[in-house]
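Participant: Below you'll find the structure I mean.
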Amino acid sequence: MAKKKVVKSSGLNDERFSRIKSDPMFAGMKNSEKKVVIDKRFAAALTDERFATRGKVDMRGRKQNKVFGNNMLDLYEVEGGEDDDDEEAVKEKKKEPKKKVKTSQNKKQEDKELGDFLMKIMMM
17 MAKKKVVKSS GLNDERFSRI KSDPMFAGMK NSEKKVVIDK RFAAALTDER
67 FATRGKVDMR GRKQNKVFGN NMLDLYEVEG GEDDDDEEAV KEKKKEPKKK
117 VKTSQNKKQE DKELGDFLMK IMMM
């Protein structure tokens, strides 16, 4: 025969604690309300290693082997949606033209100027 499941009654069924169900003081916060909104100027603090919330050593001075996630990302949110800005900045950097490669004529001209400069210095 199958065993009957024993239902554990929670303490909230007690009339003394009925206020907990309806009082907003005991309600959990939404994740969006938990985070503090910070300005874009301080966005680097969330990703920079120098602002890490966990130390590199434990309380006895031994090095920590495991690096845990950054707790600051759970506590703070950047004003204005930083994810979109970062993606756009990366795309813009990729679109920027690369520096021009020096041609042989430019190299010859620079070599000539350098040689002239060195000759002037040697004659002094």
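Just so you know, the numbering used here puts 37 at position 21 of the sequence shown, and the rest follows in order with no gaps.
Just so you know, even glycine gets a beta-carbon here, dropped at the ideal spot from N, CA and C.
Looking at Lys51 and Glu93, is the spacing between their C-beta atoms short of 7 Å?
Facilitator: For the purposes of this step, residue 93 is taken as the residue at position 77 of the sequence shown. For the purposes of this step, residue 51 is taken as the residue at position 35 of the sequence shown. Yes.
Participant: Spatial neighbours of Asp55 within its chain, please: C-beta separation below 6 Å, excluding the five flanking residues on both sides.
Facilitator: Here residue 55 is taken as the residue at index 39 of the sequence shown, counted from 1. Closer than 6 Å at Cβ, skipping near neighbours: Glu95.
Participant: Is Leu62 near Leu89, with beta carbons less than 7 Å apart?
Facilitator: Walking along the sequence shown from the start, residue 62 turns up at place 46. Walking along the sequence shown from the start, residue 89 turns up at place 73. In this structure, Leu89 lies closer than 7 Å to Leu62 by Cβ.
Participant: Quick one: give me the first and last residue of the beta strand (DSSP E) that Glu93 is part of.
Facilitator: Counting from one through the sequence shown, the residue named residue 93 turns up at place 77. Element bounds for Glu93: Tyr92 to Val94.
Participant: Less than 7 Å between C-beta atoms, sequence neighbours within five positions excluded: which residues of the same chain meet that for Met135?
Facilitator: To locate residue 135, count along the sequence shown from 1; it is residue 119. None.
Participant: Grab the span of the beta strand (DSSP E) containing Val73 for me, first residue to last.
Facilitator: Here residue 73 refers to the residue found at position 57 of the sequence shown. No beta strand (DSSP E) holds Val73; DSSP gives it neither H nor E.
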